[in-house]
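Colleague: Residue numbers (full-length UniProt numbering): 1 to 246. Encoded as structure tokens, here's the structure I'll be asking about.
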Amino acid sequence: MTTSRNGQGFHRYSHGHRDLVSAQAFNFYGTRMATASADHRVKVWDRNVNTGQWTVTDVWTAHDAEVTDVRWNGPFVGEHLGTIGEDGLLRIWQEDANEAANSGRRFKKVFEQVSATGVPYMCLEFKNIGTESYLAVITRDGYLSVCEPEDHDRLSAWRILWSDYLCKTPPQTEETGFRLSWHKEKLPAPSAVLAGLDRKSLSLAVAVGDSVKVFRTDKDRKFYVAATLEGAKGLVRDVSWANGSM
Numbered sequence: 001m002t003t004s005r006n007g008q009g010f011h012r013y014s015h016g017h018r019d020l021v022s023a024q025a026f027n028f029y030g031t032r033m034a035t036a037s038a039d040h041r042v043k044v045w046d047r048n049v050n051t052g053q054w055t056v057t058d059v060w061t062a063h064d065a066e067v068t069d070v071r072w073n074g075p076f077v078g079e080h081l082g083t084i085g086e087d088g089l090l091r092i093w094q095e096d097a098n099e100a101a102n103s104g105r106r107f108k109k110v111f112e113q114v115s116a117t118g119v120p121y122m123c124l125e126f127k128n129i130g131t132e133s134y135l136a137v138i139t140r141d142g143y144l145s146v147c148e149p150e151d152h153d154r155l156s157a158w159r160i161l162w163s164d165y166l167c168k169t170p171p172q173t174e175e176t177g178f179r180l181s182w183h184k185e186k187l188p189a190p191s192a193v194l195a196g197l198d199r200k201s202l203s204l205a206v207a208v209g210d211s212v213k214v215f216r217t218d219k220d221r222k223f224y225v226a227a228t229l230e231g232a233k234g235l236v237r238d239v240s241w242a243n244g245s246m
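Rendered as structure tokens:
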């Protein structure tokens, strides 16, 4: 379901997946959409600027199990998607515009990473500062990894900036909740910079069970806990930064 062209309602359409849709994401401009499904597949949709209709550009089998999350990277180094699945893999896909639409080959796998703990990933999130890309991904047992490309012009090789468990390993029978949200602005708020925060600081909010932890980098690019938000009466299901926040 998406907003209609005049913004007065919603447009309903059949997603065409063979099972439940587990995740959905828009690109930077809101002109493209990706849907991920329990049918192991990802679909990419493009919006017609004249009619407002969404049409499928390509669909392919992205994982050998349910695809649990999908995210677009920023548009400044090509068209890239990140996906995670119940097969314990993180994959990054790059669009090849030379391939025909709906060929199943338009998005090429350029990177793959196996969960370090053997437990499937639960959430991933990209951050962009100009042409620089950063990626955060967390497993279902609370192991967070923050990565950057070895070359910001190519996303085929990544190195880990920081990784750690954010909580004690929960029992397998216990429901867990881990969600990620990068600070969306290119720079921290001016008031934060004036207060001493490094202009190049990265800020990441992570929902960890019934709390939210805010991580930041110092001048040496080391992550530290800047704040812990508590008081929820149950699992925090999602987290997001407000526009203009620090």
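Ideal Cβ placement from N, Cα and C applies to all residues, glycine included.
Reducing DSSP to helix, strand and coil, say where S191 ends up.
Modeller: Within the sequence shown, the letter at position 191 stands for residue 191. Looking at S191 - three-state DSSP - the assignment turns out to be helix.
Colleague: Which complete beta strand (DSSP E) runs does the segment 141–195 hold, if anything under 3 residues is left out?
Modeller: Taking only runs of at least 3 residues, the beta strand (DSSP E) segments lying wholly in the segment 141–195 are 143–151, 154–165 and 178–182.
Colleague: Counting only runs of 3+ residues fully inside the UniProt repeat "WD" (14–46), write out the beta strand (DSSP E) ranges in chain order.
Modeller: Complete beta strand (DSSP E) runs here, min 3: 21–26 and 32–37.
Colleague: Alpha carbon to alpha carbon, how far is L235 from R32? Give it in angstroms, no decimals.
Modeller: On the sequence shown, position 32 is the one that residue 32 refers to. On the sequence shown, position 235 is the one that residue 235 refers to. Whole-angstrom Cα-Cα distance: 31 angstroms.
Colleague: In three-state DSSP terms, what is K108?
Modeller: Position 108 of the sequence shown, counted from the first residue, corresponds to residue 108. The answer is strand: DSSP assigns K108 an E or B state.
Colleague: Would you report the Cα separation of A49 and T55, rounded to the nearest angstrom?
Modeller: As a position in the sequence shown, residue 49 is number 49, starting the count at 1. As a position in the sequence shown, residue 55 is number 55, starting the count at 1. Reading off the sequence, residue 49 comes out as Val, not Ala. Spanning the two alpha carbons is a distance of roughly 11 angstroms.
Colleague: Only counting runs of 3 or more residues, tell me where the beta strand (DSSP E) segments fall wholly within the segment 54–89, in order along the chain.
Modeller: Entirely contained in the segment 54–89, the beta strand (DSSP E) runs reaching 3 residues are, in chain order, 54–61, 67–72 and 80–85.
Colleague: Applying the criterion that 16 or more other CB atoms from any shown protein chain within 10 Å of the CB defines a buried residue, is N27 buried or exposed?
Modeller: Taking the first residue of the sequence shown as position 1, residue 27 is located at position 27. Label assigned to N27: buried.
Colleague: With H, G and I counted as helix, E and B as strand and the rest as coil, what does DSSP make of E95?
Modeller: Looking up residue 95 in the sequence shown gives position 95. Three-state result, E95: strand.
Colleague: Count the other CB atoms within 10 Å of the CB of P149; is the residue buried (16 or more) or exposed (fewer)?
Modeller: The count along the sequence shown starts at 1 and reaches residue 149 at position 149. The residue is buried, with at least 16 neighbouring Cβ atoms inside 10 Å.
Colleague: Which of the three DSSP states is assigned to T117 in this structure?
Modeller: Translated into the one-based positions of the sequence shown, residue 117 becomes position 117. Coil at T117, not helix or strand.
Colleague: Rounded C-beta distance between A232 and S211? I'm assuming under 8 angstroms.
Modeller: For this step, residue 232 is matched to residue 232 along the sequence shown. For this step, residue 211 is matched to residue 211 along the sequence shown. About 7 angstroms; that satisfies the 8 angstroms criterion.
Colleague: So which of V21, W158, S245 and A226 has the shortest CA-CA distance to E132?
Modeller: The residue you call residue 132 lines up with position 132 of the sequence shown. Nearest option by C-alpha distance: W158.
Colleague: How is the beta strand (DSSP E) around S211 delimited, first residue to last?
Modeller: Indexing the sequence shown from 1 puts residue 211 at position 211. It spans S211 to T217 - the beta strand (DSSP E) in which S211 sits, taken as one unbroken run.
Colleague: Where DSSP assigns a beta bridge to K233, which residues make up the other side?
Modeller: Looking up residue 233 in the sequence shown gives position 233. In DSSP, K233 forms no bridge with anything.
Colleague: Mind reading off the beta-carbon distance from F111 to V44? Whole number of angstroms is fine, and I expect it under 8 angstroms.
Modeller: Indexing the sequence shown from 1 puts residue 111 at position 111. Indexing the sequence shown from 1 puts residue 44 at position 44. Contact doesn't hold; Cβ gap of about 18 angstroms is too wide.
Colleague: Leaving out five residues before and five after E99 in sequence, what residues of the same chain have Cβ atoms less than 6 angstroms from its Cβ?
Modeller: Against the sequence shown, residue 99 aligns to sequence position 99. Only R105 and R106 meet the Cβ criterion.
Colleague: Cβ of D58 within 7 angstroms of any heavy atom in the ligand NAP?
Modeller: Questions concerning the ligand NAP fall outside what the structure shown contains, since it holds no ligand whatsoever.
Colleague: Assign S127 to one of two classes, buried (16 or more other C-beta atoms within 10 Å of its C-beta) or exposed (fewer than that).
Modeller: Taking the first residue of the sequence shown as 1, we reach residue 127 at position 127. Looking at the sequence itself, residue 127 is Lys, so the reference to Ser does not match. So K127 counts as buried.
Colleague: Is the beta carbon of K213 less than 8 angstroms from the beta carbon of L166?
Modeller: Against the sequence shown, residue 213 aligns to sequence position 213. Against the sequence shown, residue 166 aligns to sequence position 166. Yes, Cβ-Cβ distance for K213 and L166 is below 8 angstroms.
Colleague: Could you tell me which of Y29, A62, V208 and L161 sits nearest to T35, measuring between CA atoms?
Modeller: For the purposes of this step, residue 35 is taken as the residue at position 35 of the sequence shown. Nearest option by C-alpha distance: A62.
Colleague: Which first and last residues belong to the beta strand (DSSP E) in which V208 is found?
Modeller: For the purposes of this step, residue 208 is taken as residue 208 along the sequence shown, with counting starting at 1. Element bounds for V208: S203 to V208.
Colleague: Would you call the CB atoms of M122 and T57 closer than 8 angstroms?
Modeller: As a working note, residue 122 is residue 122 in the sequence shown. As a working note, residue 57 is residue 57 in the sequence shown. Their beta carbons are not under 8 angstroms apart, which means M122 does not touch T57 by this criterion.
Colleague: State the CB to CB distance for the pair D39 and H17, rounded to an integer number of angstroms; the pair is presumed to be in contact (CB under 8 angstroms).
Modeller: Position 39 of the sequence shown holds residue 39. Position 17 of the sequence shown holds residue 17. Yes, D39 and H17 are in contact; Cβ-Cβ is about 5 angstroms, under 8 angstroms.
Colleague: Taking the continuous beta strand (DSSP E) assigned at S133, which residues delimit it?
Modeller: Your numbering for residue 133 matches position 133 in the sequence shown. Here the beta strand (DSSP E) through S133 covers E132 to T139.
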